[in-house]
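Visitor: Numbering (our numbering), first residue to last: 38 to 472. Attaching a single structure in structure tokens format; questions to follow.
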RNA sequence: GGAGAGGUGCCAGAGCGGCCGAAUGGGGCGCCCUGCUAAGGCGUUGUCCGGGUAAACCGGACCGAGGGUUCAAAUCCCUCCCUCUCCGCCA
């Protein structure tokens, strides 16, 4: 969430920056937050003064008791009981206003970075790089959707996935399954030079999902296990961000870099009926996430580094791609600035978003309470968090099936993946067992 | 799942209604002493919120979390979470 004190000290600047998101409702919420904050501070002052009196009277009672002056003690106690009554009133008022304020703040999105270009929707996102590795022309045999190729080669079996788990689940088989895993291994290996590999839990607490911003706003998009109050992670960003929740880190150990390969679970509640074929939108998929916790000063450079890392992996796979900067109107709730990498899939003739590289400024870290301390300095500062999909399997897998399809219907495995494919260089129908 | 023990500051560890934001030891930091890496002496040592001139200072909160009792709670009561030991079950 945003810093209330910033809203308090520079309300106009905050509102001006937020107005760039092109959603007027946000400005009303900011006004609301401002009023609640002012009220809350009034109550706080009153409550603390009241408490201070009780504390001081209590000490006087102790003194009177020791002096065996029961009359004076009883008088003080009577006075304190009265103050106790008004404290109850103030405390409940405080709780009420405080939770109202928190509720509003949880729904207020992050302030966009000044350099983010203004726009209303994804139509306004700007291509900042590319298209790169785009062939002058695609052959007809590349214009085949991956779900057809996958079925023909026996490496995609969505029919049975649906039988087992219902719609919007997919299943890869044989070299298709191997390639899914190979993609993860590739992404991990390419980032292992600087990122510590984590294998986090896939089920997390409500508080964990709130820290990264998925709750309360996007509850419908996540799978939940109500009986145990657990949620299925929609991305490894969730557990990785909360790794240091509630901690005060040392400035000199920043930036911290983590990567994780996990399953990601998404209900896709708002997208029922869209992209139902193939692997473009599924309830469960594999992804390698890279994440960094930095100081505010380190963050801009880290954003560039993460972008370069993701880009280089996509480039290494030989796929046609481009880099977009997300405009203010399309920027995610928690995002301060972000870039998307899209891969072109000739079979379905679409640019597929395969990675989103995001800088959250202190928005997530404030919710998660991740701070850092400079040596010698008193107090602490809120850290910054950034993350990116190093590689999201399904869409890259799909893009490979379409881009690398050969005239005979087989799929040539990108060279960088071959070491992870037990020597296979091609996926053809003869390389697959039938049933 | 059952039984028991426990969760206190950077760490170890006392406190078990008021004089406790918390003894003591260790560590860290600063100064002093000592002619060299050792020993010793003194001082200091958290976080968050609010007020105040981003100082000094003042007030409030924090002893696993949340409630309760009390004039007053680290200390008493309740609920929950976590850790450890034993038993049970289980990849």
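The C-beta atom is built at its ideal place from N, Cα and C for all residues, glycine as well. Only a predicted model underlies this, so the values are computations on that prediction, with no experimental measurement involved.
Determine the extent of the beta strand (DSSP E) in which residue 164 is found, giving its start and end residues.
Guide: Residue 164 sits at position 127 when you count from the first residue of the first chain. Looking at the DSSP string, the run of the beta strand (DSSP E) that includes residue 164 is 163-169.
Visitor: Among 107, 454, 468, 446, whose alpha-carbon lies nearest the alpha-carbon of residue 176?
Guide: Within the first chain, residue 176 is the residue found at index 139, counting from 1. When each option's Cα is compared against that of residue 176, the closest is 446.
Visitor: By DSSP, does residue 215 sit in helix, in strand, or in coil?
Guide: Counting from 1 along the first chain, the entry for residue 215 is found at position 178. Residue 215: helix per DSSP, three-state reduction.
Visitor: Could you check the C-alpha separation between residue 360 and residue 178 for me, to the nearest Å?
Guide: Here residue 360 refers to the residue found at position 323 when the first chain is read from its first residue. Here residue 178 refers to the residue found at position 141 when the first chain is read from its first residue. Their backbone Cα atoms lie some 26 angstroms apart in a straight line.
Visitor: Which partner residues of residue 424 appear in the DSSP bridge assignment?
Guide: For the purposes of this step, residue 424 is taken as the residue at position 387 of the first chain. Answer is 328, 395, bridged to residue 424.
Visitor: In the structure shown, what three-state DSSP assignment does residue 404 receive?
Guide: Position 367 of the first chain, counting from 1, holds the residue named residue 404. Helix at residue 404.
Visitor: Starting from residue 299, trace the beta strand (DSSP E) in both directions and tell me its first and last residue.
Guide: Counting from one through the first chain, the residue named residue 299 turns up at place 262. Segment 293-302, the beta strand (DSSP E) holding residue 299.
Visitor: When you compare only the Cα positions, how much space is there between residue 465 and residue 182?
Guide: Here residue 465 corresponds to residue number 428 of the first chain, with the count starting at 1. Here residue 182 corresponds to residue number 145 of the first chain, with the count starting at 1. If I take the Cα positions, the gap works out to 16 angstroms.
Visitor: Beta carbon of residue 123: closer than 6 angstroms to some heavy atom of the ligand ZN?
Guide: This structure lacks the ligand ZN, and indeed carries no ligand of any kind.
Visitor: Going by C-alpha to C-alpha distance, which of 222, 302, 317, 257 sits closest to residue 296?
Guide: Counting from one through the first chain, the residue named residue 296 turns up at place 259. For the residues 222, 302, 317, 257, the minimum Cα distance to residue 296 belongs to 222.
Visitor: Assuming the contact rule is C-beta atoms closer than 8 angstroms, residue 368 and residue 329 should be a hit. Round their C-beta distance to whole Å, please.
Guide: Here residue 368 refers to the residue found at position 331 of the first chain. Here residue 329 refers to the residue found at position 292 of the first chain. Not confirmed; about 19 angstroms, so no contact.
Visitor: Taking C-alpha atoms, which residue in 396, 370, 366 lies nearest to residue 376?
Guide: For the purposes of this step, residue 376 is identified with residue 339 of the first chain, where counting begins at 1. Of 396, 370, 366, the residue nearest in Cα terms is 396.
Visitor: Whose C-beta lies closer than 8 angstroms to the C-beta of residue 64 among residues of the same chain, with five residues either side of it excluded?
Guide: Taking the first chain and counting its residues from 1, one reaches residue 64 at position 27. Here the set comprises 52, 55, 56.
Visitor: How close, in whole Å, do the beta carbons of residue 250 and residue 435 come, if the pair is a contact with beta carbons under 8 angstroms?
Guide: Position 213 of the first chain, counted from the start, is the residue given in the question as residue 250. Position 398 of the first chain, counted from the start, is the residue given in the question as residue 435. Not a contact, Cβ separation roughly 28 angstroms.
Visitor: Cutting at 8 angstroms between CB atoms, please list the residues of its own chain near residue 168, excluding the five before and the five after it.
Guide: Taking the first chain and counting its residues from 1, one reaches residue 168 at position 131. Closer than 8 angstroms at the Cβ level, and outside the excluded window around residue 168, lie 357, 358, 359, 381.
Visitor: What do you get for residue 401, buried or exposed, if any count of 16 or more other CB atoms within 10 angstroms of its CB means buried?
Guide: By one-based count along the first chain, residue 401 stands at place 364. Per the 10 Å Cβ criterion, buried.
Visitor: Can you list, in chain order, the residues of its chain with a C-beta nearer than 8 angstroms to that of residue 144? Leave out the 5 residues immediately preceding and following it.
Guide: Taking the first chain and counting its residues from 1, one reaches residue 144 at position 107. Within the same chain, residue 144 has close Cβ partners 66, 253, 254.
Visitor: Here's the rule I'm using: 16 or more other beta-carbon atoms within 10 Å means buried, otherwise exposed. How should residue 275 be labelled?
Guide: Here residue 275 corresponds to residue number 238 of the first chain, with the count starting at 1. It is buried - the Cβ of residue 275 has at least 16 other Cβ atoms within 10 Å.
Visitor: Given a cut-off of 7 angstroms on the beta-carbon distance, is the pair residue 364 and residue 156 in contact?
Guide: Translated into the one-based positions of the first chain, residue 364 becomes position 327. Translated into the one-based positions of the first chain, residue 156 becomes position 119. Their beta carbons are under 7 angstroms apart, which means residue 364 touches residue 156 by this criterion.
Visitor: Report the partner residues of residue 269 according to the DSSP bridge assignment.
Guide: The residue you call residue 269 lines up with position 232 of the first chain. DSSP lists 240 as partners of residue 269.
Visitor: Can you list, in chain order, the stretches of the beta strand (DSSP E) that have 3 or more residues and sit fully within the region 332-394?
Guide: Segments of the beta strand (DSSP E) lying fully in the region 332-394: 358-362, 374-382.
Visitor: Are the Cβ atoms of residue 378 and residue 351 separated by less than 7 angstroms?
Guide: The residue you call residue 378 lines up with position 341 of the first chain. The residue you call residue 351 lines up with position 314 of the first chain. Contact: yes.
Visitor: Does the separation of the CB atoms of residue 208 and residue 194 fall below 7 angstroms?
Guide: Here the question's residue 208 lines up with position 171 in the first chain. Here the question's residue 194 lines up with position 157 in the first chain. Closer than 7 angstroms, so yes.
Visitor: I'd like to know if the region 271-287 and the region 234-248 are in contact, where contact means that at least 3 CB-CB pairs between them fall below 8 angstroms.
Guide: At 8 angstroms Cβ cutoff, the stretches touch.
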